[in-house]
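Q:
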Amino acid sequence: MQFYSFPNLIRRGLRGHRDWTPAWRKAEPKPAYDVVIVGAGGHGLATAYYLAKLHGVTNVAVLERGWLGGGNIGRNTAIVRSNYLWDASAHIYEFSLKLWEGLSQELNYNVMFSQRGLLNIAHSEQEVRDLARRVGANQLNGIDAELLSTDEISKLVPILNTSPHTRYPVLGGTLQRRGGVARHDAVAWGYARAADALGVDIIENCEVTGIRTANGRVTALETTRGEIRAGTVGLVVAGNASVLASMAGIRLPIQSHPLQALVTEPLKPVFDPVVMSAAVHVYIHQTDRGELVLGAGIDAPVSYDLNGNFRIIEHVLAAVCELFPIFSRVRMLRQWAGTVDVCPDASPIISGTPIKGLFMNCGWGTGGFKATPGSGWVFAHTLAHQEPHPLNEPFALDRFTTGALIDEHGAAAVAH
Amino acid sequence: MSRSIPRRSPLGAIQSAESPAHNGQLAERPFLTHLNLRLDPADATALAAVHRVLGIKLPLTPNTTTAGDDLMAIWLGPDEWLLLADHHQSDALLADLQTALSGQFASVVDLSAGQTVIRLSGPSTLDVLARGCALDLHPSVFQPGACAQTLLARAQALLIAVDDTPTIDITVRRSFAPYVAAWLQDAARHFGLSFPESNTA
Amino acid sequence: MSQPFRLDHGGRIDRDAPLQFTFDGRPINAYRGDTVASALLANGVTLVGRSFKHHRPRGIVSAGAEDPNAFVQIGHGARTLPNRLATVTAATPVLKVRHVNAWPTLEYDVMSVFGLAAPFIPAGFYYKTLMWPRRFWPLYEHFLRHAAGLGHAPDAPDPDRYDHVHAHCDVLVVGAGPAGLAAARAAAHTGARVILVDEQAEPGGSLLASRERVDDLPGPDWADAVTAELTAAPGVTLLPNTTAFGLYESNLVLLAERLITDQPDSAGSENGARVWRVLPKQIVLATGAHERPLLFANNDRPGVMLAGAISTYVRRYAVAPGSRAVLFTNNDSAYRTALDLTDAGVPVAAIADVRTDPDGDLPSEARAQGIPVHPGAVVRHAHGRGRVAAAELCSLDGAPLGAIECDLLGISGGFAPALHLHAQARGPSEWDPMLAAFAPKPGRGIHPAGAVAGELELAAALRQGTQAGSAAAAAAGRSNGSEPEVPRANDSAQAPIQPYWLPPGNLARAKPQFVDLHEDVTLDDLRLSLREGFESIEHVKRYTTLGMGPDQGKLANPLATGVIAELLGRDPASVGTPRHRPAYSPVSLGAIAGRHIGPLADPVRVTPMQEWHEAAGASFENVGQWRRAWYYPQPGESMHQAVARECLAVRHRVGILDYSTLGKIEITGPDAGEFLDRVYTNAWKRLRPGRCRYGLMLGEDGMIFDDGVTARLDDQRYLMFTSTSNAAPVLAWLEQWLQTEWPDLRVYLTSVSEHWSNIALAGPRSREVLAAAGTDIPLARDDFPFMTFREGQVAGVPARVFRISFSGELSYEINVPADRARHVWEALVDAGRPFGITPYGTETMHVLRAEKGFIIVGQETDGSVTPDDVGLGRLLSRRKDFLGKRSLSRPDSVRPDRKQLVGLLTDDPAQVLPEGGHVVDSPGPQRPLPMRGHVTSSYFSPVLGRSIALAMITGGRAALGERLHVATLHDDRWLPARSCHPVFYDPQGARQHV
Amino acid sequence: MLLIPCPWCGPREDDEFTFAGEADIPRPADPDALTDEQWADYLFMRDNRRGRHREQWCHTAGCRRWFIVERDTVTNEILGASTYGNSS
Ligand SMILES: Cc1cc2nc3c(=O)[nH]c(=O)nc-3n(C[C@H](O)[C@H](O)[C@H](O)COP(=O)(O)OP(=O)(O)OC[C@H]3O[C@@H](n4cnc5c(N)ncnc54)[C@H](O)[C@@H]3O)c2cc1C
Ligand SMILES: NC(=O)c1ccc[n+]([C@@H]2O[C@H](COP(=O)([O-])OP(=O)(O)OC[C@H]3O[C@@H](n4cnc5c(N)ncnc54)[C@H](O)[C@@H]3O)[C@@H](O)[C@H]2O)c1
Ligand SMILES: Cc1cc2nc3c(=O)[nH]c(=O)nc-3n(C[C@H](O)[C@H](O)[C@H](O)COP(=O)(O)O)c2cc1C
Ligand SMILES: [Zn+2]
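Residue numbers (our numbering), protein chains in the order written: chain A, 7 to 422; chain B, 21 to 221; chain C, 48 to 1041; chain D, 10 to 97.
#1: Determine, using beta carbons only, whether P1034(C) comes closer than 7 Å to chain B.
#2: Quick check on the DSSP output: the beta strand (DSSP E) that includes T83(A) runs from which residue to which?
#3: Starting from D40(A), trace the beta strand (DSSP E) both ways and give me its first and last residue.
#4: Does L299(C) have its Cβ less than 7 Å from a Cβ in chain D?
#5: Flag F28(D) as yes if its beta-carbon sits less than 7 Å from any beta-carbon of chain B, otherwise no.
#6: Looking only at its own chain, which residues have a Cβ that is under 6 Å from the Cβ of T769(C), when we skip the five neighbours before and after it?
#7: Return the chain-ordered list of same chain residues with a C-beta closer than 7 Å to the C-beta of Y364(C), the five sequence neighbours on each side being excluded.
#8: Could you check what DSSP says for H23(A) in three-state terms: helix, strand or coil?
#9: Determine, using beta carbons only, whether N346(C) and F561(C) come nearer to each other than 7 Å.
#10: Anyone know if the C-beta pair for A197(B) and A120(B) falls short of 7 Å?
#11: Looking at the structure shown, is P198(B) part of a helix, part of a strand, or coil, going by DSSP?
#12: Can you name the residues of chain C whose CB is closer than 7 Å to the CB of G76(A)?
#13: Decide if the region 442-452 of chain C is in contact with the region 591-603 of chain C; the criterion is three or more beta carbon pairs, one per stretch, under 8 Å apart.
#14: Give the residues from the region 53-83 of chain D that approach chain B closer than 9 Å (Cβ to any Cβ), ordered along the chain.
#15: Skipping 5 residues on each side, what residues in its chain have a beta carbon closer than 7 Å to that of I544(C)?
#16: How would you list, in chain order, the residues of chain C whose beta-carbon sits under 8 Å from the beta-carbon of N56(B)?
#17: Roughly how many whole angstroms lie between the Cα atoms of V904(C) and E107(A)?
#18: Verify the contact flag: M282(A), CB atom, against every heavy atom of ligand 3, threshold strictly below 6 Å.
#19: Does G702(C) come out as helix, strand or coil in the three-state DSSP assignment?
#20: For the beta strand (DSSP E) containing E246(C), list its first residue and its last residue.
#21: Closer than 7 Å, CB to CB, is W48(D) near chain C or not?
#22: Near D954(C), what residues of its chain come up, given a Cβ to Cβ distance below 7 Å and the 5 sequence neighbours on each side ignored?
#23: Taking the beta carbon of R1004(C) as the centre, do at least 16 other beta carbons fall within 10 Å, making it buried, or is it exposed?
#24: Report yes if the CB atom of Y986(C) is closer than 7 Å to the CB atom of V894(C), and no otherwise.
#25: Between which residues of its own chain and G89(D) is the CB-CB distance below 6 Å, once the five residues before and five after are set aside?
#26: Label Q657(C) either buried or exposed according to how many other C-beta atoms from any shown protein chain fall within 10 Å of its C-beta, with 16 as the threshold for buried.
#27: Ligand 3 and V193(A): does the residue's C-beta get closer than 6 Å to at least one heavy atom of that ligand?
#28: Using only the heavy atoms of ligand 1, determine whether one of them is closer than 6 Å to the beta carbon of G417(C).
#29: Suppose the cutoff is 8 Å on Cβ atoms and the five residues either side in sequence are ignored; what does the same chain contact list for P864(C) look like?
#30: Would you say F279(A) faces chain D, with C-beta separation under 7 Å as the test?
#31: Sorry if obvious, but does the Cβ on T290(C) come closer than 6 Å to a heavy atom of ligand 2?
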């Protein structure tokens, strides 16, 4: 792997950048691997990287039906935080956040992780109570979380409309200072490059079309580039989880919905932290390029379409103009959607399945980007040991049978 | 006895002997009788009983109305109608219908205090409504006698095409009426329309 | 007034309406009809901005929405518009235009050092560096952020007003060039309802600058004539200044109509823009084409301009964008520009044509005019710093042909259809080798016509437009049988283009050659991207930021497809183009928000007593859309004091609460009891008429969904109360079961929430107050016992009175028709005065019910709480099935260590626990610290003279009396408390039975 | 934006409707007879199909009737609509 550094950049720059090599090889599929990961999104690539790096499993392929990083990791609003309510989630997201804090150096790829703070605001008494409950839980779980008054919020983000006369006034909020955003594409590319350097084959334009099993074990995958054998398979395909699972005859408690986002034209910096409001369904931040990135809510119907319903955008933008009146004259540049995999309890599934050797990592819904490093880390452990790590044990598929759901609707109510 | 207690409409009208009859282009039509009627349209006996009381037939075609003298029956669903009566005798009409339908599987419920009607009339009616209603209300599509339940801005509303002035009656729930009125006032501003004094909630 | 580059005659500007605006403080003279760009050019201003990353000097490239450079800031303060394109902004007086992205001045920009460092900041440089030392990243980022961005956001709320309009039509025509005008005319001819939109200020499109004649009229005159005809036609809506910015499924088209057409500084005008939501039956797409730029070194110098744009400035605006021109082309259309320039007296020093044998009508005419044509030649380099000074030509094999002095370099690499809208909705398109571009194929209800369909000749575009208009009308069910006439045009046939992507041989090595001017993406950046494996067009885009600027790569993307194809040795069709997305041109957030802001942001729902509450000085809280009286402070009272006073009034005397917001559903029919049995956990069929019962409703997952009292009105009728926020969800839930699962049940549901207002009278004196207000209902305890209801009159109004209690006191919930509720309320208040009646709000209601240990759904419960968890297991019928029952026997539902509702009493009775505070067995510094649960409700109880709290604690019920600690949220303190039974006051319930 | 064909009112914009997921998941007649797995299957497991999808909609802001729509979840094309048997 070519080392990325400022001196190297200058050195190669002097030679016209002619000798940079591909960030990852265009690997050809081999007939068999020890482990095959389906889906070259953030979670799949991170899994491959940690498998190779921490567990010494390098005979690994990552299969991607399109171009690497073209799924949700390439279309999310890039918000990273760990202020979840229940212990199980708090632990895995906080573990992930700690990995984020050293990720650029770990991967030798600047993922531009920017801990500029994340502000959740509340607009009703019940919301204030719910946020307080979450802050309390976070603090005892060792996660940085502060309760803010309206005045403190107004100092932090002066352009936010904190007047008591708006339709839904800001009554309080919480701040996670270690929260922030990252350069989403770079996360996929950085993991891909690092995994590739450890010997992982990343195979793009290779769609999995079938899953072969024998005697209750997974044996091979059918793909558009031929059959690939593997005794261990991890499905990490986000919005397409049910489709892949059904190839193995498994039903999941997941529904896929379009989730939309948009960017505005670039502006000189106007505010720092990420601001989220569950009640009016807004989350917004300003990127390093200067655009405002805004997320919306999911479209209600199940759908795999990548356009989304414009009405959702209208609602979000009305709320944004209420909260940030100065953004009314700023213009929407581009709007898009991704397909998110939503579980009934708004928590993921990182789990074995009734089929031996077949594992799933899905159901991250509207908020899995922030979990990318942690999710890959625990899933690599799960694949390598054929059993879950304590961090992902609570996220097993059988919780839907026992009833031990991890209801994070409060913490995840707003997509992000 | 109850007749002596003045009623208040959600838009601030107070019913009294000399309540002004608004003929303006944007005005509340307060204090009408609103009855919700449920029965199985396949139940000929029930239909006939209702016909006897009302003197008109219930519309069975979706999104249509039938009208008699100061009484209108409005299709709300395959087994649901709104009876809108111009006179203010909800109690009597309710009792008559309940008697006529007693012993049958049917329901008549008084909603008169729970909703109100706002009338919008004049050449800019459709332009005003187009600001918040997604339906095609063009006269070639939405002719007098037609009705539709839909969304008006962010409230549910029942629209009835009254005549080809055009005039549209908008029925809304009581607690949404101030919002709908404010919204209409706002949308109608360019057209020089506003509510009369008595409708300033 | 000096406009050195204004032509003496011609153009569509109004020379009788001169005006002046400023650019960076300097006066610019213009005429009505000018754009900011045409006026700047007329005044000889060619440097208009600095590029996004390298801060290179940039000028005007186009005459339309596709411009990658001409971004300016307009106005200041609240009405400023960041990043407006000078090329589409009408020139108006009082306009104050400033450059963006340069400091201190446009001419001397400190950041232009980035341009010098460009070789070391190639595509993706930040991924490779700025990683060490780790803690420096915030500093690096601070610097990056401040270097990035373009314009400035306004500094105050937007004073403008934005409208929304829904529209329907048979045929929507997007684009009012020749094809669109012809289409609209043909469609209107059938009597169809037609909407014709164009984002420019006047209809006409390319005709407004055309040399050709249509139906024997000069092009612009024909456009005017057709415009007049359409304006007069009934059923036709003509919308200039209107951009179709999005095409969604169901062929929903979103239009943004600019109303103050760029007069942000003008006072008085309050309409900013209007968004139209159009649902057409059919769409004619006549959006034209964008001219493609060409690659050569320094192809970004001010003075390098699209050939078609030069024609537009010359013919439409009567401006000569330069004084001596060189043209560089691979197709015939630049010859038209040469003729236009010659007509305007601007010498054309040379035409370099990639084609070795340009011999069409237009080239011949140019030659005949004496314009030097260099076949098989290209421009390899533009000289000059702040502006083009010369174009260096060479032959295709690299042989130098010398530098030709010029201050205007017109380029034309062919035309790429503006298929953006079509592609947004995933409409099909295919690579057209004749155009060397992607062209749309007809899609669901979409008819492409004119240049967007690849038809670059005027006569053909008119014919195609006419046909598309008729076909669309016919498909929408309109036709009058007669064929519309096709307008005739006298344009000349055009020879095919010769695609030109990469400069040949070594020329391709020259630097810098910009593919995307806005994003400063160079040919070298594309090479680097491909070299590093970012080969998919989507990877190239994300790695280099190709096409990601505010122009969305309208010029860059069609060029990049060909360039990448050639670099990879692949077919351009297989390279594709980055996915198109709304918006075609950016639209302001305010316009999309429309009127759904301020007081109209969301309905405010109020009860009939609202004005009374306001007059009584109530404070309000939002509960969903409802605005509810929260407490009624008297002068000088704090919230705490007011609530304490209200609480004691209810406990000792009598209080009155507006509880009208509760949901109320009438459930009628012979099977109503059976229905209730299925949806509630307890039994209903045997409830006697006249009696009430508390019910719990679960989701199928066994978790509490709603609770409330239901009364049996008569044999076949029940009245169900739901919680305020669940009024609509509960009704929907019940209807869903009834209609989809149990259609055999004979039950009708009708919401009566709004008809009946609900006034709660609570406290030991409430019976006396009710009697004093006047009622015909016998009130004696045995006549009207707890948990029954009576119908009668209260204060002269027909009423349903329920003897139920949420406060634990003797209490009546009086339902009266909403239109007379205010009267009844006032009558009760008057009657209650001698008894010290006190209005109380939701806060007091919450305290009183907490004293009694009553739960509030959504406060004690959170979707993960079963009836047993809150101590209501006795309400679970064993004898029947009900929704959610099966879930209650799952392993997790029967865990002994589930969280259960308990009371908490602090050691210090004055200490009120924080709501949301977490409970542990023993405090300690270690994290994570195991938690037992959290405080759900916490108040100071005035009647008990101490604090009380409700909490959900694991295994709490079995261990009442245990010592626990609650964490504060602000200051790391621990508050000791003991758990207790959650009913703090009157545990026997004696008070409500009196 | 989807135009949902209400079997009674005709096509209307989707914001007038409530979507309630997959159709054809009848409530088990005797839940107590089911294993926890079978109950979980009824409660949570969904086909979530890419392509043809039968689903429940209610015309909430209109006639308040529930009905079934068939829709392609990739193209969002509506393939048909039908009423529930007995709801006349
Ligand atoms: C608009 C939007 C905003 C969001 N905002 C945030 C946010 O702010 N913070 C946050 O934490 N999360 C956010 N999320 C959620 C987050 O993006 C996802 O949870 C997360 O990216 C999912 O994991 P992934 O990256 O592995 O998925 P993906 O990137 O979707 O990876 C799955 C991959 O599987 C591939 N695949 C699918 N089927 C097959 C097949 N048959 N064969 C081979 N390959 C296949 C896909 O092509 C895809 O590349 C957002 C999501 C969206 C859509
Ligand atoms: N630049 C060109 O489009 C171009 C190129 C070559 C030839 N021509 C000439 O023009 C004829 C083609 O005419 P035409 O009518 O197809 O194209 P046109 O360029 O004359 O008209 C297209 C019109 O569509 C408008 N438009 C584009 N996108 C829009 C949107 N999203 N919303 C609203 N308006 C939008 C433009 O403002 C323009 O007025 C050819 O026959 C040829 O003579 C034009
Ligand atoms: C955090 C973030 C920032 C983005 N910024 C821009 C931007 O500045 N300009 C732009 O054109 N697109 C931007 N995009 C959107 C992408 O261009 C693209 O639309 C998105 O990744 C979805 O891919 P698709 O449109 O190809 O389906 C951004 C996307 C994300 C997730
Ligand atoms: Zn309907």
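Cβ coordinates follow ideal geometry from the N, Cα and C atoms, glycine included.
A: Let's see:
#1: Counting from 1 along the third sequence, the entry for residue 1034(C) is found at position 987. By this cut-off, P1034(C) is not an interface position.
#2: Along the first sequence, read from residue 1 onward, the residue named residue 83(A) stands at position 77. Segment: none, T83(A) is in no beta strand (DSSP E) and carries neither H nor E.
#3: The residue given as residue 40(A) occupies position 34 in the first sequence. That run of the beta strand (DSSP E) goes 38-44.
#4: Here residue 299(C) is taken as the residue at index 252 of the third sequence, counted from 1. Chain D contact via Cβ: present.
#5: The sequence position of residue 28(D) within the fourth sequence is 19, counting from 1. It does not: the Cβ of F28(D) has no partner Cβ on chain B nearer than 7 Å.
#6: As a position in the third sequence, residue 769(C) is number 722, starting the count at 1. Taken in chain order, the residues that qualify are G710, D753, G755, V777.
#7: In the third sequence, counting from the first residue as 1, residue 364(C) sits at position 317. Around Y364(C): G58, I60, D81, S85.
#8: Translated into the one-based positions of the first sequence, residue 23(A) becomes position 17. H23(A): coil per DSSP, three-state reduction.
#9: Reading the third sequence from its first residue, position 299 is the one you call residue 346(C). Reading the third sequence from its first residue, position 514 is the one you call residue 561(C). Yes, they are a contact pair.
#10: Indexing the second sequence from 1 puts residue 197(B) at position 177. Indexing the second sequence from 1 puts residue 120(B) at position 100. Not a contact, by the Cβ cut-off of 7 Å.
#11: Locating residue 198(B) in the second sequence gives position 178, counting from the first residue. DSSP places P198(B) in helix when its eight states are reduced to three.
#12: Looking up residue 76(A) in the first sequence gives position 70. Correct list: E585.
#13: no
#14: H68, T69, A70, G71, C72, R73, R74
#15: Taking the third sequence and counting its residues from 1, the one referred to as residue 544(C) is at position 497. The answer, listed in chain order, is N377, N378, G461, A483.
#16: Sequence index remark: in the second sequence, residue 56(B) carries index 36 (1-based). Those are T797, listed as they occur along chain C.
#17: The residue given as residue 904(C) occupies position 857 in the third sequence. The residue given as residue 107(A) occupies position 101 in the first sequence. The straight-line gap from Cα to Cα measures roughly 40 Å.
#18: In the first sequence, residue 282(A) corresponds to position 276, counting from 1. No - ligand 3 has no heavy atom lying nearer than 6 Å to the Cβ of M282(A).
#19: One-based indexing of the third sequence puts residue 702(C) at position 655. The answer is strand: DSSP assigns G702(C) an E or B state.
#20: Here the question's residue 246(C) lines up with position 199 in the third sequence. Neither: E246(C) is in no beta strand (DSSP E) and is coded neither H nor E.
#21: Position 39 of the fourth sequence holds residue 48(D). Chain C, which has a Cβ nearer than 7 Å to the Cβ of W48(D), makes this yes.
#22: In the third sequence, the residue the question calls residue 954(C) occupies position 907. The residues are P1023, A1024.
#23: If you number the third sequence from 1, residue 1004(C) lands on position 957. By the 10 Å Cβ count, R1004(C) comes out buried.
#24: On the third sequence, position 939 is the one that residue 986(C) refers to. On the third sequence, position 847 is the one that residue 894(C) refers to. Cβ atoms of Y986(C) and V894(C): closer than 7 Å.
#25: Against the fourth sequence, residue 89(D) aligns to sequence position 80. So the list reads E79, once near-sequence residues are dropped.
#26: The residue given as residue 657(C) occupies position 610 in the third sequence. Buried, since its Cβ has 16 or more Cβ neighbours within 10 Å.
#27: The count along the first sequence starts at 1 and reaches residue 193(A) at position 187. No.
#28: Residue numbering aside, residue 417(C) sits at position 370 when the third sequence is read from its first letter. No, since every heavy atom of ligand 1 falls outside the 6 Å radius drawn around the Cβ of G417(C).
#29: Within the third sequence, the letter at position 817 stands for residue 864(C). Cβ neighbours of P864(C) beyond the five flanking positions: H802, W803, S804, V844, P845.
#30: Here the question's residue 279(A) lines up with position 273 in the first sequence. Residue identity check: residue 279(A) is Pro in the sequence provided, not Phe. Chain D, which has no Cβ nearer than 7 Å to the Cβ of P279(A), makes this no.
#31: The residue given as residue 290(C) occupies position 243 in the third sequence. Result yes, Cβ under 6 Å from ligand 2.
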